Amino acid sequence: MDDPTLKLSDSRTGKSFDIPISNSTVRAMDLRQIKEDPEEFGMMTYDPGYTNTASCTSRITYIDGDKGILRYRGYPIEKLAETCTHTEVCYLLLYGELPTQSELNNWDLEIKRHTMVHENVKKFMDGFLYDAHPMGMIVSTVAALSTLYRDAKNIQSRTNRRLQQLRLISKMPTIAAYAYRHSLGLPYVYPDPDLSYTENFMNMLWRRAEPKFQPNAVLAKALDVLFILHADHEQNCSTSTMRTITSANADPYIGVSGAAGALYGPLHGGANEAVLTMLDEIGSMEKIPNFIKEVKEGERRLMGFGHRVYKNYDPRAQIIKGIADQVFEVTGKNPKIELARELERIALEDDYFIKRRLYPNVDFYSGIIYEAMGFSPEMFTVLFAIGRTVGWLAHWEEFMEDPERRIARPRQLYLGSSERDFVEIDARLGKMQSERP
Ligand code: CMC
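Okay, so the sequence shown: first residue is 6 according to the numbering used here, each after it adds one.
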């Protein structure tokens with residue numbers, strides 16, 4: 006059979022085109038030959054928000070949004086969450102294969118060796134106000150690491166990239182814990198190498214005067230699973246940001262800082278914090294119908310619902326719902342869970358949500374668990390960022406090895422004025438005050 010093509014005919018010129026199809030996709034550049042006038046630029050595609058544009062090829066994460074499937078390197082998320090540790094999943098995402106026991110032991114050891122941060126980091130963090138948002142602290146402090154690891158600019162060296170990836174994965178929990186303790190005015194706690202990745206994070210967060218922190222095993226497992234669930238999600242807003250920033254050959258600290266900045270937004274990772282604010286605002290069961298009415302009238306969004314890719318139950322939300330009861334056995338029940346379950350029940354029976362295929366996403370239940378563990382809502386997105394750091398880095402690594410790698414530089418459809426005569430300042434009419442930017 007001939008190679009598959011898409012046959013296009015241009016009614017403006019009467020010309021026909023055979024556009025090659027590969028992996029059910031056509032290359033946007035193949036459309037450039039379609040022109041009304043030979044002098045013109047050629048045809049582009051217009052896709053605000055990139056709803057139907059593949060910006061890269063990838064072999065890391067697979068999502069089937071209609072069926073609610075998520076796999077890392079081919080392995081179902083359910084199995085990884087049940088069986089693996091987060092560091093094991095980090096290895097899988099970065100290197101493409103699950104580690105053997107001895108590879109995992111070495112990897113865990115390497116991570117432990119890099120958990121400390123330079124003492125100057127404490128000084129940067131001390132400069133933040135006591136009520137600074139921890140995501141703001143994370144974004145700035147990770148960017149500041151670029152000044153400490155100047156070797157990170159050597160992005161062409163795979164060995165060097167590996168070192169920076171290791172540093173970032175290892176240090177994110179330390180920086181996150183410092184941000185947390187800074188908000189509380191507590192002294193920073195150094196990492197404890199006897200503990201696992203997640204247990205050590207708990208140690209750095211919650212250790213007080215005791216000589217050795219004893220992490221609760223159920224909470225440590227729950228937090229570890231939450232990191233796994235957040236570890237990657239293919240070309241989401243923050244990962245695309247990572248690819249965009251590093252496409253200019255910026256170092257990975259700047260890339261991760263920018264990606265974390267994108268994650269901070271309430272339509273992305275910031276939704277977990279927004280869900281808790283929303284639940285607090287709703288406050289009681291009787292107020293749910295009115296809240297849903299406001300959502301349907303377009304006055305607000307049901308935070309933690311809906312997804313660009315999932316048009317079915319987000320498998321991560323399903324797993325998180327399952328963890329909630331285990332956590333509550335240790336911490337006591339967070340009463341907001343009942344409110345959330347009722348919101349979900351009502352929404353899933355409502356035509357508005359059914360028609361638009363809006364289901365709970367990863368952020369709908371995670372905050373309720375985090376709150377039960379003792380985190381304030383401002384820390385929720387920070388926890389997301391710790392988990393997602395490996396995803397950003399795995400995509401960076403893949404991108405650096407991609408023979409089709411180019412600087413990200415989208416086109417635009419210019420709809421502004423054509424050339425105008427310049428107006429001298431005295432002759433300008435001016436705008437109404439209210440229309441000024
Ligand atoms: N509540 C109410 N209506 C919604 C919601 C929602 N949460 N999400 C989408 N819709 C409606 C939207 O109004 C639109 O309706 P209409 O067709 O009548 O205009 C339709 O559903 C399609 O929405 P969209 O905004 O075009 O969808 P999108 O793919 O551009 O946005 C989203 C995806 C996740 C930004 C959006 O669903 C949303 O804002 N959800 C709430 C925020 C949230 O939970 N974000 C976390 C996402 S998962 C984790 C992550 O990405 O980090």
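Cβ atoms here follow ideal geometry from the backbone N, Cα and C, with glycine treated the same way.
These numbers come from a predicted model, not from an experiment.
Notebook entry, point to check: Going by the C-beta, is G263 closer than 7 Å to any heavy atom of the ligand CMC?
Noted result: Judged by the Cβ position, G263 fails to qualify as a neighbour of the ligand CMC at the 7 Å threshold, every heavy atom of the ligand being at least this far.
Notebook entry, point to check: So, using beta-carbon positions, are D3 and G327 closer together than 8 Å?
Noted result: The chain is shown from 6 up to 442; residue 3 falls before or after that span and cannot be answered.
Checklist line | Burial state of G190 (16 or more Cβ within 10 Å) | finding: By the neighbour-count criterion, in which 16 or more other beta carbons inside 10 Å mark a residue as buried, G190 falls on the exposed side.
Check: Quick one, are the C-beta atoms of V194 and M207 less than 8 Å apart?
Finding: Cβ distance not < 8 Å, so V194 and M207 don't count as in contact.
Margin query: Can you find the residues in the same chain that come closer than 8 Å, C-beta to C-beta, to T58, ignoring five residues on each side of it along the sequence?
Written below: Non-local beta-carbon contacts of T58 in its own chain, meaning distances under 8 Å to residues more than five positions away in sequence, involve A33, T50, D52 in chain order.
Next item on the list: Check F369 in the structure and name its three-state DSSP category.
Entry: Assignment of F369 by DSSP, reduced to helix, strand and coil, places it in the helix class.
Item checked: F404 in three-state terms, based on DSSP -> In this structure, DSSP gives F404 a helical state, which the three-state scheme calls helix.
Notebook entry, point to check: In whole angstroms, what is the alpha-carbon distance linking R306 and E41?
Noted result: Here the C-alpha atom of R306 lies approximately 43 Å from the C-alpha atom of E41.
Checklist line | Where T50 falls: helix, strand or coil (DSSP) | finding: In this structure, T50 counts as coil in the three-state DSSP scheme.
Item checked: Own chain residues within Cβ distance below 6 Å of L284, not counting five before or after -> Short of 6 Å from the beta carbon of L284, and not among the five residues preceding or following it, lie these beta carbons of its own chain, in chain order: K341, L344.
Checklist line | Beta-carbon proximity check, E83 vs P320, cutoff 8 Å | finding: Remark: C-beta atoms of E83 and P320 approach each other more closely than 8 Å.
Next item on the list: State the Cα-Cα distance for the pair N28 and L234, rounded to the nearest angstrom.
Entry: Taken atom to atom, the span from the alpha-carbon of N28 to that of L234 is near 28 Å.
Note to self: Is A276 near the ligand CMC - that is, is its Cβ less than 7 Å away from at least one heavy atom of it?
What the structure shows: The nearest non-hydrogen atom of the ligand CMC is less than 7 Å from the C-beta of A276.
Next item on the list: Go to D330, then tell me how far its alpha helix (DSSP H) extends in each direction, as first and last residue.
Entry: Its alpha helix (DSSP H) spans residues 320-336.
Margin query: Here's a check: name, in chain order, each residue in its chain whose Cβ is nearer than 8 Å to the Cβ of W211, leaving out the five neighbours to either side.
Written below: Counting only residues of its own chain and dropping the five nearest sequence neighbours on each side, W211 has a CB closer than 8 Å to the CB of F218, G379.
Notebook entry, point to check: What does D23 pair with, by DSSP beta-bridge criteria?
Noted result: Answer by DSSP bridge pairing, in chain order: K12.
Margin query: Tell me whether the region 269-289 and the region 169-178 touch, counting them as touching only if at least three CB pairs, one residue from each stretch, are closer than 8 Å.
Written below: Counting Cβ pairs under 8 Å, fewer than three are found: no touch.
Check: Would the C-beta of D368 count as close to the ligand CMC, meaning under 7 Å from any of its heavy atoms?
Finding: True, at least one ligand heavy atom lies under 7 Å from that Cβ.
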